[in-house]
Every structure is written in structure tokens, then in C-alpha cells.
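Beneath this line is the structure, given in C-alpha cells, with notes to follow.
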Amino acid sequence: LEMETAKPLGMFYDNVSILDLDSAAINNVYIREDFDAFSVTMAVLYLAVCIVGLAGNSLVIVTILKLDKMSSATTVYIFNLALADGLFMVGLPFIAIQNFQDQWIFGDAVCKLVMVLDGINQFTSVFCLTVMSVDRYMALVDPLRFARWRTPRRAKIIAALMWFISLFPVLPMAIHFSATYGLCTVDPHIASESWWLAFLSYTFVLGFALPFTVMIVFYTALLVTLRNARQQTSSSMESHRFETQVTKMVVAVVLVFGICWLPFYVFNFCSLHRIDLVLDFTRGFEFQRSFTTKAKLLAFHAKEGPCCKG
Numbered sequence: 049l050e051m052e053t054a055k056p057l058g059m060f061y062d063n064v065s066i067l068d069l070d071s072a073a074i075n076n077v078y079i080r081e082d083f084d085a086f087s088v089t090m091a092v093l094y095l096a097v098c099i100v101g102l103a104g105n106s107l108v109i110v111t112i113l114k115l116d117k118m119s120s121a122t123t124v125y126i127f128n129l130a131l132a133d134g135l136f137m138v139g140l141p142f143i144a145i146q147n148f149q150d151q152w153i154f155g156d157a158v159c160k161l162v163m164v165l166d167g168i169n170q171f172t173s174v175f176c177l178t179v180m181s182v183d184r185y186m187a188l189v190d191p192l193r194f195a196r197w198r199t200p201r202r203a204k205i206i207a208a209l210m211w212f213i214s215l216f217p218v219l220p221m222a223i224h225f226s227a228t229y230g231l232c233t234v235d236p237h238i239a240s241e242s243w244w245l246a247f248l249s250y251t252f253v254l255g256f257a258l259p260f261t262v263m264i265v266f267y268t269a270l271l272v273t274l275r276n277a278r279q280q281t282s283s284s285m286e287s288h289r290f291e292t293q294v295t296k297m298v299v300a301v302v303l304v305f306g307i308c309w310l311p312f313y314v315f316n317f318c319s320l321h322r323i324d325l326v327l328d329f330t331r332g333f334e335f336q337r338s339f340t341t342k343a344k345l346l347a348f349h350a351k352e353g354p355c356c357k358g
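This note's numbering puts the first residue of the sequence shown at 49, with every later residue one more than the last.
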């Protein structure tokens with residue numbers, strides 16, 4: 049098989065769009081007898097994540113709608129985070145089947161829909177985690193001062209804006225993803241190396257660099273403010289315990305976010321120039337994408353901890 053310029057692993061489907069191949073070449077690449085066990089494993093893993101994720105996120109959504117009715121800004125953001133992840137779970141069975149059969153059998157329309165849902169989930173969930181870091185700062189540092197910014201109505205407006213903004217980064221996927229070559233992937237005749245570089249650059253900024261910076265800034269400010277407040281007053285065991293809980297939550301959320309998403313973008317940028325690196329990392333990258341989905345739930349539960357209610 050003669051390979052041309054490598055393309056990224058794909059923002060929303062982590063396989064085969066990395067290569068600029070015609071239909072015959074794609075068919076040749078996907079005759080992978082030694083990958084059969086891995087394909088089955090990944091398909092089972094995707095389905096398991098789908099079942100657990102749908103159950104967990106559905107429980108969160110139903111609980112909020114029935115018991116809380118989105119009566120606070122925090123639950124509005126949690127509701128939208130669960131909804132975004134739930135939409136992503138709906139698309140996992142389709143990706144699992146493609147992994148198992150090495151072909152897309154659902155047509156162009158479903159291909160575009162699944163990729164768009166995946167992309168919207170990616171950006172909306174990241175935006176939710178970012179906004180929640182700002183919300184936690186306002187809730188714990190000076191709740192009275194920021195009360196008017198933390199009303200359910202304002203939170204719903206912000207959530208609607210997050211969903212709307214998330215549409216723009218995934219528009220190229222809606223336009224250029226298709227099942228023309230038997231796989232749900234970007235048309236290799238459209239996605240040149242410069243196209244991928246531009247796409248990866250702005251999605252990296254919007255989906256990782258900017259949100260990660262905002263999270264670090266606000267969580268650092270939160271910890272510094274709490275520590276200064278404790279030092280200026282008579283310290284008690286309860287206040288020290290509270291500060292420790294918040295510190296653990298902050299470290300957990302920041303680490304999980306960085307560990308989950310940084311490899312995703314590193315693999316994509318590296319794949320622009322290193323075909324062999326891409327092929328070596330494809331298996332691990334598919335597992336990492338599945339791991340990211342589960343790890344986001346850990347960050348979500350960390351934010352739900354007792355020290356962060358309100």
C-alpha cells in the first residue's frame with residue numbers, strides 16, 4: 049500500500065481519516081485480520097460506555113427535572129453537561145458497529161448526524177466545565193455579590209449560548225463528513241494538510257487552550273481567596289477541612305481535564321507529519337477517546353461534591 053500525506057486522526061472519529069486514500073486504498077487498509085480482536089474489544093467497550101453513560105446521564109437529567117427543576121445555576125449547568133454527554137452516548141453504537149464491521153452501513157445523513165452530535169458534545173461539555181469553574185468561584189468567594197449573575201434564568205441563557213457556539217466548530221464536519229468511501233470520514237479530496245492544520249488549530253484553542261486557561265485562572269483565584277480568608281480569621285478545623293476539600297476538587301478536575309484532552313490534540317497534531325506515529329498510536333488513541341468519556345464523568349462528580357453545592 050502506498051501512503052500519501054498523513055492526515056489527523058479526526059476530531060470526531062479516531063480512525064482512517066488520517067490517510068489521504070482513495071476507495072480502493074481504504075478497502076485495502078481495512079483488511080486487518082490482526083486487528084480483529086482489537087476491533088471487537090473496542091466495539092464492546094463503546095457499547096459498555098454507551099449503556100453506563102446513558103443510564104447515568106439519564107438519571108441525572110430525570111433527577112434534576114423532577115426534584116430540583118433547575119432551581120439554581122449549578123443544576124442548570126449540570127443538566128446541560130449531562131444532556132451533552134447523553135447525546136454523545138446515542139452515537140456510540142454506530143461508531144461501535146463501524147469499528148466491528150470496518151465499514152459504515154447507515155448512509156451519509158446518519159454519518160453527518162453522529163459526527164455533529166459527537167462534536168457538539170465535545171465542545172458543549174468543555175464549555176460547561178469551564179463555566180462551572182467560574183460559577184464555583186462566584187458561589188464560594190462572594191455569593192451575595194455575585195448572586196444576580198447566578199440566577200437560573202441567566203444560567204439558562206448562558207447554556208443556550210454554549211450550545212449555539214458549539215455548532216460553529218463542527219460545521220466543517222457537517223459539511224465534509226460522508227460515507228462515500230464506505231466509512232464515515234472526511235472526504236480525503238477535500239481535507240488537505242493545510243485544511244486539517246487550520247481546523248485543528250482553532251478547535252485546539254476553542255476546545256482546550258482557552259477553557260483550560262480559564263479553569264486554571266479561576267480555580268487558582270478561588271484557592272488563594274479561601275486561603276487568605278482563613279489566615280485573616282481565626283482558623284477552625286471546619287474551615288481547614290473545607291479548604292482541603294476544595295483543593296482536592298480543583299486538583300482532580302484540572303488534572304482529569306488535562307489528561308483527557310491534551311493527548312487527543314497531541315495525537316492529532318503529530319499525525320499531520322508522522323504516518324508511522326499515527327499508526328502506532330491508533331489503538332491507544334481509540335481507548336483514550338473512550339477513557340475521556342468516562343473521565344469527564346469523574347470531573348463532573350468531583351464538581352458535584354459537598355464542598356461545591358450551591
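Cβ atoms here follow ideal geometry from the backbone N, Cα and C, with glycine treated the same way.
Asked, Found
"Would you be able to state if there are at least three C-beta pairs under 8 Å between the stretch 179 to 194 and the stretch 141 to 150?", "no"
"Need the endpoints of the alpha helix (DSSP H) that MET163 sits in, please.", "155 to 189"
"Exposed or buried, which one is ILE74 when buried takes at least 16 other CB atoms within 10 Å?", "Because ILE74 sits at a pLDDT of 43, beneath the cut-off of 50, its placement in the model cannot be relied upon, and the following sentence gives the value as read from the coordinates. By the neighbour-count rule (16 or more Cβ atoms within 10 Å), ILE74 is buried."
"Rounded to whole angstroms, what is the Cα-Cα separation between THR268 and VAL314?", "25 Å"
"Give me the residue from GLY167, ARG278, TYR229 with the minimum Cα distance to PHE136.", "GLY167"
"For a minimum of 4 consecutive residues, which ranges assigned as the alpha helix (DSSP H) are wholly contained in the stretch 223 to 289?", "241 to 252, 258 to 280"
"So, at 7 Å on beta carbons, what are the nonlocal neighbours of TYR185 in its own chain, with the 5 sequence-adjacent residues on each side left out?", "PHE266, ALA269, LEU270"
"Buried or exposed: VAL110, going by 16 or more other Cβ atoms within 10 Å of its Cβ?", "exposed"
"For PRO220 and PHE252, which I take to be in contact (beta-carbon distance under 8 Å), what is that distance rounded to the nearest angstrom?", "Actually they do not touch by this definition, with Cβ atoms about 14 Å apart."
"Would you mind working out which of VAL100, ASN128, VAL162 sits nearest THR233, comparing C-alpha positions?", "VAL162"
"Exposed or buried, what is LEU140 when buried is set at 16 or more other beta-carbons lying within 10 Å of its beta-carbon?", "buried"
"Consult DSSP for ARG337 and reduce its assignment to one of helix, strand or coil.", "Because ARG337 sits at a pLDDT of 49, beneath the cut-off of 50, its placement in the model cannot be relied upon, and the point is left open."
"What is the C-beta distance between VAL97 and ALA130, in whole angstroms, given that I count them as a contact (C-beta under 8 Å)?", "Not a contact, Cβ separation roughly 15 Å."
"Would you mind sorting THR199 into buried or exposed? The rule is 16 or more other CB atoms within 10 Å of its CB.", "exposed"
"Mind checking whether THR178 and VAL262 have CB atoms under 8 Å apart?", "yes"
"Beta-carbon separation of PHE175 and SER120 under 8 Å?", "no"
"Go ahead and label ASP183 buried or exposed: buried means 16 or more other beta carbons lie within 10 angstroms of its beta carbon, across all protein chains shown.", "buried"
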